[in-house]
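A.B. asks: Residue numbers (the UniProt record's numbering): 1 to 308. Pasting in a structure now, in structure tokens, and then I'll have a few things to ask.
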């Protein structure tokens, strides 16, 4: 069957259309996305602003048109931290549903971690043993670990690259003392939440997912996206530490010139690098393998599993 998944993230709203059958690998057919940056369309009270709601409604309608044109049988749609944490999030979802007919499912942070873990497990397989997954989004960081398809530990922290850039890293580039304080705050928050992962045991394979992770890996020498999803890619801690030092002195415009960094993501790259480095340090990881599957694929796989 042909499925469509609309992912409303803090940075991007993305429709992924796949040909999917239970027991088979979901094959991408087409995608349609926009850099909406819902996390920036907020009022002083934290509500989603009318501008963000209007843009979201309009793009959902576009996604439905694309899905119809592509012969999609079923459309699934979900939202993550940007709307989940907004005081008026439920009201926004109600109005979007009334305007488009689409019900946007609110995923908890733990749901995100578990579904992303499922996708990574299916991609790398059982031979990976105990798997550890690090996923950096725009609004939150998800960490999960375990031996099965459902992780033994799954946690979500408000350490997304977009959120941290907005809250902790003003300036372009930010001052050195600002970067140091952000680094300290990230590590304090992360270290306090590590116990469940430690109890899950030592990882046999450590994996990174998300656009931020892919960009960091590309900047430090990983294969470009043109090499396809099966090219082996990784992010090394030594190379990342050197990159963090450089990024702290670069403006967003200079970061745009780095390989694999888009203009829309360049201002968040330093925050993402600080989170990735903190996770690798605190978890004792020298290397993260980059997984091309993440939350959207996890949602699709979960849906296929439910078709039994």
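Backbone N, C-alpha and C fix where the C-beta goes; we use that ideal spot for every residue, glycine too. Here the structure is a predicted model, which means the values were calculated and not measured.
Going straight from the alpha carbon of residue 96 to that of residue 210, what length do you get?
C.D. replies: Sequence index remark: in the chain shown, residue 96 carries index 96 (1-based). Sequence index remark: in the chain shown, residue 210 carries index 210 (1-based). The alpha-carbon atoms of residue 96 and residue 210 are separated by roughly 26 Å.
A.B. asks: Since residue 121 and residue 149 should fall inside the 8 Å C-beta cutoff, what is the C-beta to C-beta distance between them, to a whole number of angstroms?
C.D. replies: Within the chain shown, numbered from 1, the residue matching residue 121 stands at position 121. Within the chain shown, numbered from 1, the residue matching residue 149 stands at position 149. Residue 121 to residue 149, Cβ: 5 Å. Contact.
A.B. asks: Compare the Cα-Cα distances from residue 86 to each of 61, 116, 98, 38 and report the closest residue.
C.D. replies: One-based indexing of the chain shown puts residue 86 at position 86. Nearest of 61, 116, 98, 38 to residue 86, Cα basis: 38.
A.B. asks: If I'm right that residue 109 touches residue 131 with Cβ under 8 Å, what's the distance once you round it to whole angstroms?
C.D. replies: On the chain shown, residue 109 is found 109 positions in, with the first residue counted as 1. On the chain shown, residue 131 is found 131 positions in, with the first residue counted as 1. At roughly 19 Å, the Cβ-Cβ gap does not stay under 8 Å, so residue 109 and residue 131 are not in contact.
A.B. asks: The alpha helix (DSSP H) that contains residue 267, what's its start and end?
C.D. replies: On the chain shown, position 267 is the one that residue 267 refers to. Per DSSP, residue 267 lies in no alpha helix (DSSP H) segment and is marked neither H nor E.
A.B. asks: For residue 64, which of 45, 51, 42, 100 has the nearest alpha-carbon?
C.D. replies: Taking the chain shown and counting its residues from 1, one reaches residue 64 at position 64. The shortest Cα separation from residue 64 among 45, 51, 42, 100 belongs to 100.
A.B. asks: If you run the structure through DSSP and keep just helix, strand and coil, what is residue 28?
C.D. replies: As a first step, residue 28 is located in the chain shown; it is residue number 28 there, counting from the start. It is a strand residue.
A.B. asks: Thinking C-alpha only, which one of 283, 92, 270 is nearest residue 206?
C.D. replies: Counted from its first residue, the chain shown places residue 206 at position 206. For residue 206, the nearest C-alpha among the options comes from 283.
A.B. asks: Quick check on DSSP: helix, strand or coil for residue 259?
C.D. replies: Stepping through the chain shown from its first residue, residue 259 is reached at position 259. In the displayed model, residue 259 falls within coil according to three-state DSSP, outside both helix and strand.
A.B. asks: Using beta-carbon positions only, say whether residue 79 and residue 106 come within less than 8 Å of one another.
C.D. replies: On the chain shown, position 79 is the one that residue 79 refers to. On the chain shown, position 106 is the one that residue 106 refers to. Closer than 8 Å, so yes.
A.B. asks: Out of 20, 13, 11, 14, which one is the CA nearest neighbour of residue 3?
C.D. replies: As a first step, residue 3 must be located in the chain shown, where it is residue number 3. Ranking 20, 13, 11, 14 by CA distance to the CA of residue 3 puts 20 first.
A.B. asks: If you draw a straight line from the alpha carbon of residue 256 to that of residue 215, how long is it in whole angstroms?
C.D. replies: Within the chain shown, numbered from 1, the residue matching residue 256 stands at position 256. Within the chain shown, numbered from 1, the residue matching residue 215 stands at position 215. Taking the straight line joining both Cα atoms gives about 11 Å.
A.B. asks: I'd like to confirm the pairing. Which residues does DSSP put opposite residue 4 in its beta bridges?
C.D. replies: Sequence index remark: in the chain shown, residue 4 carries index 4 (1-based). For residue 4, which the question treats as bridged, DSSP gives the partners 17, 75.
A.B. asks: Just the Cα atoms here: how many angstroms apart are residue 176 and residue 301?
C.D. replies: Residue numbering aside, residue 176 sits at position 176 when the chain shown is read from its first letter. Residue numbering aside, residue 301 sits at position 301 when the chain shown is read from its first letter. Their backbone Cα atoms lie some 43 Å apart in a straight line.
A.B. asks: Please name the residue in 77, 164, 195, 197 whose C-alpha comes closest to that of residue 181.
C.D. replies: Indexing the chain shown from 1 puts residue 181 at position 181. Residue 181 has its Cα closest to that of 164, out of 77, 164, 195, 197.
A.B. asks: If you check the beta carbons only, do residue 249 and residue 158 fall under 8 Å apart?
C.D. replies: Taking the first residue of the chain shown as position 1, residue 249 is located at position 249. Taking the first residue of the chain shown as position 1, residue 158 is located at position 158. For residue 249 and residue 158, no; Cβs fall outside 8 Å.
A.B. asks: Report buried or exposed for residue 268, applying the criterion of at least 16 other Cβ atoms within 10 angstroms of its Cβ.
C.D. replies: Taking the first residue of the chain shown as position 1, residue 268 is located at position 268. Classification of residue 268: buried, given that the 10 Å Cβ count is 16 or more.
A.B. asks: Apart from the five residues just before and just after residue 178, which ones in its own chain have a Cβ nearer than 8 Å to its Cβ?
C.D. replies: Within the chain shown, the letter at position 178 stands for residue 178. Cβ within range, chain order: 168, 169, 170, 171.
A.B. asks: Nearest to residue 129 by alpha carbon, out of 152, 111, 273?
C.D. replies: Position 129 of the chain shown holds residue 129. Out of 152, 111, 273, 152 has the C-alpha closest to the C-alpha of residue 129.
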